[in-house]
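Asker: Right, I'll just put the structure down here and ask away after.
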Amino acid sequence: MSGGALLAESLAEKAPQSLKTTGPGRRKLTPYLLLLPGLLWLAVFFVAPTISLAQNSLQQGNLIDGFQFTFHIANYTAALSSYWPQFLRSFVYAGLATIFCIMIGYPLAYTIAFRAGRWKNAMLVLVIAPFFTSFLIRTLAWQTILADNSIVVSIMRSLHITNLLAVVGLTQSTRVLNTPLAVVAGLTYNFLPFMTLPLYAALDRMDPRLIEAGQDLYCSPWTAFRKITWPLSLPGVVAGTLLTFIPAAGDYINSRLLGVPNQAMIGEVIDLKYFSELDYPTASALSFTLLIAILILVSLYVRRAGTEELV
Amino acid sequence: MSDSVTTAGAGVDLQLINVTKRFGDFTAVDDLTLTIPQGSFFALLGPSGCGKTTTLRMVAGLEEPTDGTIKLGAEDITWAKPYRRPVNTVFQSYALFPHLDIFENVAFGLRRRGQKDVKKQVDDILELVELGGLARRKPPQLSGGQQQRVALARALINRPKVLLLDEPLGALDLKLRRQMQLELKRIQLEVGITFVHVTHDQEEAMTMADTIAVMNVGRVEQMGAPTDLYENPSTTFAANFLGQSNFFNGRVMQRGTDAQVQVGDRTLRMDGSRIHSAGDDVHLGVRPEKLRIAFGADAEMPTGFNRLEGVVTDASFIGVSTQYLVRVPWGQEVIVFEQNTNRDSRVDNGAPVTIAWDPLHAFALDASQDVAAGADLDDEAAPAAVAQ
Amino acid sequence: MAVQTPTQSTKIARVGSARPGGPIRWIRAHIVPLGAGAALLYMFLPIFVVVAFSFNRPNGRYNDKWVRFSTNAWQHPCAVSGMCSGLKLSLTIGLIATVVSVILGTLVAFALGRYRFRGRSATNLLIFMPMATPEVVMGSSLLALFVMLRVQSGTMTILIAHIMFCLSFVVVTVKARIAALDPRLEQAAMDLYANERVTFWKITFPLVLPGIVAAALLAFSLSFDDFIITYFNSGATVTFPIFVWGAANHGTPPQINVVGATMFLVSLVVVIVGQVSSSRRRKKA
Ligand SMILES: Nc1ncnc2c1ncn2[C@@H]1O[C@H](COP(=O)(O)OP(=O)(O)OP(=O)(O)O)[C@@H](O)[C@H]1O
Ligand SMILES: [Mg+2]
């Protein structure tokens, strides 16, 4: 059940302490033989497509006359100049969803790790179980929950929360469904376990006596959290952020089902270019830009967070 | 089964010949040559990080020497696989298999060698280490001391020719520790297995071992019977690592049975066979408990003893004995331990005293060495061992 | 402790007597668990809706308004054409993708966790990359490759894609377990007359197994639930998520909720049974 937890640990893992240094002869080949099938699979079905994606993105032409590689950089400039709002929106939504995931996932992970006692396993189960119901079904359920005449929205309306959020443009004054808030809520919801489990793994590894030691050394609970718990949970925060932000930035299910029709995220544009407009070069250019943008963001973030042991 | 896996026979000495182990350019064990006679209880003593564990691991076959040969009897085992050696290890951190219960942990080696009556042997050995009732528990459910005893049982049950013990008693409380020391010694005498025992506890080493080797930075500083090592150390490191010493800077004036060493303006006598220095500049060493102390500058002392007059600068009562600091004529402070049999109440701070010692109890070491070598290492070593 | 410091005693006195401050103090002391409770509620809200609406009898094609209670959908789960076949296909693909990716990934994890070799960090990077690539990018580039090679999209291409993205998750999960393994345990086994093969099967494998099981569960749930990559590479094949997607656009029968609720219950039961049996085993020992 601790798949995510283990995953998080490994993302935060240090280089193995003791490695067999390979001896002469057959043993030297062993690691390569072990790697061969898996890496071959990745080479053919991940690396090759990515390279051909980069190549396609510089092609010119159409489906009927065929595509030629002409190093057509204009694909990128055209794609970026027309679709930068969708890029921006994707990153803003993904960023917001990540922050909300931390805000919701942290108390949850903390409670399970330190406060749950013998209910620890039961709580872990409760955290994971909802996510075995299909992603799409859950998102459809959110449609129902956030529908205009639903209880949740009525309460929000009577407490003027909708009005308040409308001021910052997250909702409309009477609606929640088909607003940015609904998309961010959906993203937050769907990627929450990818945040909670790595956080839990990091916190669970921590010795609770460290917090006591901190309070013994005159930390208030808040200071103890800031100076001890938070830094020690950083590997989990980093792993969780990556596992949340990356898929959220590329997602378009939530924005399609919960969002404003003419305010797409970038994934939707790529989908559209592929399946409706059959404009492969532009679609590839958009895909490749998204990939590069995410890699840049990730490497900046990882450097900032000081954890380069991820890979 | 391979015939190298047999119980202890006769005349199989463990020999390490010019064994060196390097990790990268760091030399952990440096040209070590040792012979450990069959059936002996051999203790490896030394500060943390001096290469004790590495030495054991090479004997166990878990590390390959960079250079040198390891022999068991006539057989060269330098390159033998660990599971082909009649050698077992009690690991510094126990290394109990977490997914197997205590019984299966202990039975592991027997099962690998396809032995019969596993149950009886395991029950017996668990009885021996007083864990009879816990056979079906998993290792994490045991206390540190209990885990340690399981580790011991797991190795011992195989009756290896050589049993390697890497600080096996570190986690036990004092009482259990003493009990296990006696138990270990009894088992060792009973089964005649060669024990190589690594420890930080010099008292443990001295009470249990036939031979002690004091290691320092990958080399053996001195090796010998516990009494020899203590009474007649040959390096300042060995002297300081095992107990305390007073050292006087001196110059050898005469060698032979009635040797003489000039210290300040005094000529002190000693046994020439205890001068471990080719050169004449020496550190003259005397253990604090060998010194006698009496009130007055002209107190009576046995004839033939070396005498020094001085003033008590500090006296502290430490139970069985009293520890004095005495300032001798050339300003040095000398430590004296005096048994509290008939403590002279006049000997207190500021009192003029005489100290004296039997010339046979002094030793002289090469003055080119650091007087303080190994002095504080032992205290540092203890917590380091716990941290591992 | 016999001696009480003044601050302690005053604190105790205040908690005991000052009723008005009581609730606020209590909330402040339990703010974190309260937050956790709220989070759990948030997580379960859609599940309640899914379960409740599986008992709905909708008027139109969309099951989004409560009309009246009915067990019709539970009695006839396969009444909707295409759903059950999609479900079967998703389960089959999930199983195959899990088995293949767990085998390939475990081998890679052992190579990375156990050997130092040239190209190790490049391999780590290659494993990490699919996790850092958004699904839409992987899905579209893989589609482009299949188109270029004139491979017909279908079950086979879906399988290929699923194995590809499950692989990385398997590798990191199993590798973590291997890295957490104390190398001294294997050394101890070798010291106790177990040769390499016996050591592997008696010590290494049992200790790594929980990681492999976790990886398998993760791979299965990733494959079973995947939509975007599958959508790009499915051609005319309809897996369960693709069926739901279509339903979202043409009408959502309550049978979808039946499947969702069942999946939730099954996973709950599996996990609880697993927990109970493992704690029973622990107690017995
Ligand atoms: N695998 C290794 N790689 C590099 N250096 C090592 C390795 N193993 C040991 N060393 C170094 O070799 C030296 C000797 O280590 P060893 O474990 O033998 O010490 P020790 O005498 O057993 O110490 P302790 O009493 O603390 O257990 C140490 O300085 C240690 O840092
Ligand atoms: Mg050691």
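Heads up: the protein sequence lines correspond to chains V, D and L, in order.
Going by the numbering used here, the first sequence opens with residue 1, and the numbers climb by one from there.
Going by the numbering used here, the second sequence opens with residue 1001, and the numbers climb by one from there.
Going by the numbering used here, the third sequence opens with residue 2001, and the numbers climb by one from there.
Note that beta-carbon positions come from the ideal geometry of N, C-alpha and C, so glycine has one too.
1) Would you say D/H1099 lies against chain L (beta-carbon separation less than 8 Å)?
2) Excluding sequence positions up to five away, which residues of its chain have a Cβ less than 6 Å from the Cβ of V/G186?
3) Rounded to the nearest angstrom, how far is the Cβ of V/V125 from that of L/Q2275, given a contact under 8 Å?
4) Closer than 7 Å by C-beta to D/V1129: which residues in its own chain qualify, once you throw out the five before and the five after it? Chain order, please.
5) At a Cβ cut of 8 Å, what residues of the stretch 75-103 of chain V count as close to chain L, listed as they run along the chain?
6) Once you ignore the five residues that flank L/V2136 on each side, which residues in its own chain have a CB closer than 6 Å to its CB?
7) Count Cβ pairs between the stretch 1277-1289 of chain D and the stretch 1237-1255 of chain D that sit closer than 8 Å; are there 3 or more?
8) Unbroken alpha helix (DSSP H) runs of length 4 or more, entirely within the stretch 2142-2180 of chain L: which are they?
9) So, does the stretch 2083-2099 of chain L touch the stretch 2220-2235 of chain L, judging by three or more C-beta pairs under 8 Å?
10) Among L/A2052, L/N2195 and L/P2241, which residue has its Cα nearest to the Cα of L/G2082?
11) Are the Cβ atoms of D/L1164 and D/V1196 separated by less than 8 Å?
12) With distance defined between alpha-carbon atoms, name the residue in V/Y189, V/L108 and V/L146 nearest to V/P247.
13) Would you report the Cα separation of D/I1036 and D/A1238, rounded to the nearest angstrom?
14) Could you pull out every residue in the same chain whose Cβ sits closer than 6 Å to the Cβ of D/K1071, ignoring the five residues on either side in sequence?
15) Which chain L residues are close to D/L1062, counting only those with a beta carbon under 8 Å from its beta carbon?
16) Is any heavy atom in ligand 1 found nearer than 7 Å to the beta carbon of D/S1345?
17) With respect to the alpha helix (DSSP H) encompassing L/I2093, which residues constitute its N-terminal and C-terminal limits?
18) Looking at C-beta atoms only, is the number of pairs between the stretch 287-302 of chain V and the stretch 42-55 of chain V that lie closer than 8 Å three or more?
19) Helix, strand or coil, according to DSSP, for D/H1197 in the structure here?
20) Strictly below 7 Å CB to CB, what residues from chain L border V/Y200?
21) Per DSSP, D/P1352 is paired with what?
22) Over the uninterrupted beta strand (DSSP E) stretch that includes D/R1251, give me the two end residues.
23) Measuring only from the beta carbon, is L/D2191 closer than 7 Å to any heavy atom that is part of ligand 2?
24) Are the Cβ atoms of D/M1270 and D/P1359 separated by less than 8 Å?
25) Could you tell me which of D/Q1260, D/L1096, D/G1114 and D/L1156 sits nearest to D/D1123, measuring between CA atoms?
26) In terms of DSSP beta bridges, what is V/Y189 paired with?
27) State the DSSP-derived secondary structure class of L/G2139, mapped to helix, strand or coil.
28) Return the chain-ordered list of same chain residues with a C-beta closer than 8 Å to the C-beta of V/Y280, the five sequence neighbours on each side being excluded.
29) What residue does the beta strand (DSSP E) around D/T1035 start on, and which one ends it?
30) Among the residues of its own chain, which have a CB less than 6 Å from the CB of D/G1073, if the five just before and after it don't count?
31) Going by beta carbon distance, what residues of the same chain come within less than 7 Å of D/G1051, once the five residues before and after it are set aside?
32) Can you tell which of D/P1352, D/A1315, D/P1329 and D/D1348 has its C-alpha closest to the C-alpha of D/I1335?
33) Take D/L1308 as the anchor and find which of D/D1348, D/R1266, D/S1321 and D/G1272 has the nearest alpha-carbon.
34) Could you list the residues in the stretch 2247-2262 of chain L with a C-beta less than 8 Å from some C-beta on chain V, going in chain order?
35) Please state whether the Cβ-Cβ distance between D/R1191 and D/D1166 is less than 8 Å.
36) Is D/G1256 buried or exposed, if buried means 16 or more other CB atoms sit within 10 Å of its CB?
Answerer: Quick look at the numbers:
1) Output row for D/H1099: interface = yes.
2) Answer for V/G186: T139, W142, N254 and L258, listed in chain order.
3) Rounded, the Cβ-Cβ distance is 7 Å, consistent with contact.
4) The beta carbon of D/V1129 lies closer than 7 Å to those of R1149, L1152 and A1153 in the same chain, with the five residues before and after it left out.
5) Residues: none.
6) Within the same chain, L/V2136 has close Cβ partners I2228.
7) A contact is defined here as three or more CB-CB pairs under 8 Å, and the stretch 1277-1289 of chain D meets this definition with respect to the stretch 1237-1255 of chain D.
8) Qualifying alpha helix (DSSP H) stretches, in chain order: 2155-2179.
9) The stretch 2083-2099 of chain L, when compared against the stretch 2220-2235 of chain L, does touch it at the 8 Å Cβ threshold.
10) Residue L/P2241 holds the alpha-carbon nearest to the alpha-carbon of L/G2082 among L/A2052, L/N2195 and L/P2241.
11) Taking 8 Å as the cut-off, the beta carbon of D/L1164 is found closer than this to the beta carbon of D/V1196.
12) When each option's Cα is compared against that of V/P247, the closest is V/Y189.
13) Between D/I1036 and D/A1238, the alpha-carbon positions lie close to 20 Å from each other.
14) The answer, listed in chain order, is Q1015.
15) Residues of chain L with a Cβ closer than 8 Å to the Cβ of D/L1062 are, in chain order, Q2187, M2190 and D2191.
16) Incorrect: D/S1345 has no Cβ contact closer than 7 Å to ligand 1.
17) If you look at L/I2093, you'll find it in the alpha helix (DSSP H) that goes M2083 to R2114.
18) With a cut-off of 8 Å, the stretch 42-55 of chain V and the stretch 287-302 of chain V count as touching, because enough Cβ pairs lie within range.
19) The answer is strand: DSSP assigns D/H1197 an E or B state.
20) Those within 7 Å of V/Y200 in chain L number zero; the least Cβ separation is about 11 Å.
21) Its beta-bridge partners are D/V1311.
22) For D/R1251, the enclosing beta strand (DSSP E) covers residues N1246 to Q1254.
23) Flag unset: Cβ of L/D2191 not near ligand 2.
24) Against a cut-off of 8 Å, the Cβ pair of D/P1359 and D/M1270 comes out as a contact.
25) In terms of Cα proximity to D/D1123, the closest of D/Q1260, D/L1096, D/G1114 and D/L1156 is D/L1156.
26) DSSP, once it has assigned bridges, lists no residue as partnering V/Y189.
27) DSSP places L/G2139 in helix when its eight states are reduced to three.
28) These residues qualify, in order along the chain: N56, Q59, L63, F67, K273 and Y274.
29) D/T1035 -> beta strand (DSSP E) spans F1026 to I1036.
30) Result list for D/G1073: V1012, in chain order.
31) The beta carbon of D/G1051 lies closer than 7 Å to those of A1028, V1029, M1215 and G1218 in the same chain, with the five residues before and after it left out.
32) Among D/P1352, D/A1315, D/P1329 and D/D1348, the Cα nearest to that of D/I1335 belongs to D/A1315.
33) For D/L1308, the closest of D/D1348, D/R1266, D/S1321 and D/G1272 by C-alpha to C-alpha distance is D/R1266.
34) For the stretch 2247-2262 of chain L, the set of residues with a beta-carbon nearer than 8 Å to any beta-carbon of chain V comprises A2248, T2252, I2256, N2257, V2259, G2260 and A2261, in chain order.
35) Reading the sequence as shown, one finds Val at residue 1191 of chain D and not Arg. Cβ distance not < 8 Å, so D/V1191 and D/D1166 don't count as in contact.
36) Exposed, since its Cβ has fewer than 16 Cβ neighbours within 10 Å.
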